[in-house]
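Notes to accompany the following structure.
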Amino acid sequence: MESPLDHAVAIRSMREFPLLIKNHYGRLPGNLGLELDVLPVKDYFRYQELFPGTQILDSSPIFRDVRKIKSPFEINLCERQGT
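Residue numbers for the sequence shown follow our numbering, so the first one is 41 and each next one is one higher.
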């Protein structure tokens, strides 16, 4: 409901990520940006396992910058909640 995307795909397991990405883009990514400042080490190792040969990069600053910009939906939701 909150997504601006027309098509969202439900997944049951992280194991589905590589196949979904490969089916959509035709290949696995060369780089994978994650929030390494908050990502548990266990999850980091899991991504390494799921995406062998993919360079994992710290994209934390990018995610923080994007979160600073609120969509009209978010602004409206905050106003309704009084926050």
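Don't be surprised by glycine CBs; every beta carbon is placed ideally from N, CA and C.
Alpha-carbon to alpha-carbon, residue j and residue i
i           : j          : result
residue 55  : residue 77 : 23 Å
residue 68  : residue 80 : 23 Å
residue 111 : residue 44 : 10 Å
residue 191 : residue 63 : Because the chain here runs from 41 to 123, residue 191 falls outside it and cannot be looked at.
residue 65  : residue 48 : 15 Å
Residues of its chain near residue i, where Cβ-Cβ distance is below 7 Å and the 5 sequence neighbours each way are ignored
i          : result
residue 99 : 73, 74 and 75
residue 58 : 68, 90 and 91
residue 87 : 72, 74 and 96
Delimiting residues of the beta strand (DSSP E) encompassing residue i
i          : result
residue 98 : 95-98
(request) Evaluate contact between the segment 112-120 and the segment 91-103, counting only Cβ atoms and requiring at least three cross-stretch pairs below 8 Å. (result) No, the segment 112-120 does not touch the segment 91-103.
(request) May I ask you to verify whether the segment 71-81 touches the segment 99-108, counting CB pairs closer than 8 Å and requiring at least 3? (result) Taking one beta carbon from each stretch, the segment 71-81 and the segment 99-108 have 3 or more pairs nearer than 8 Å; the two touch.
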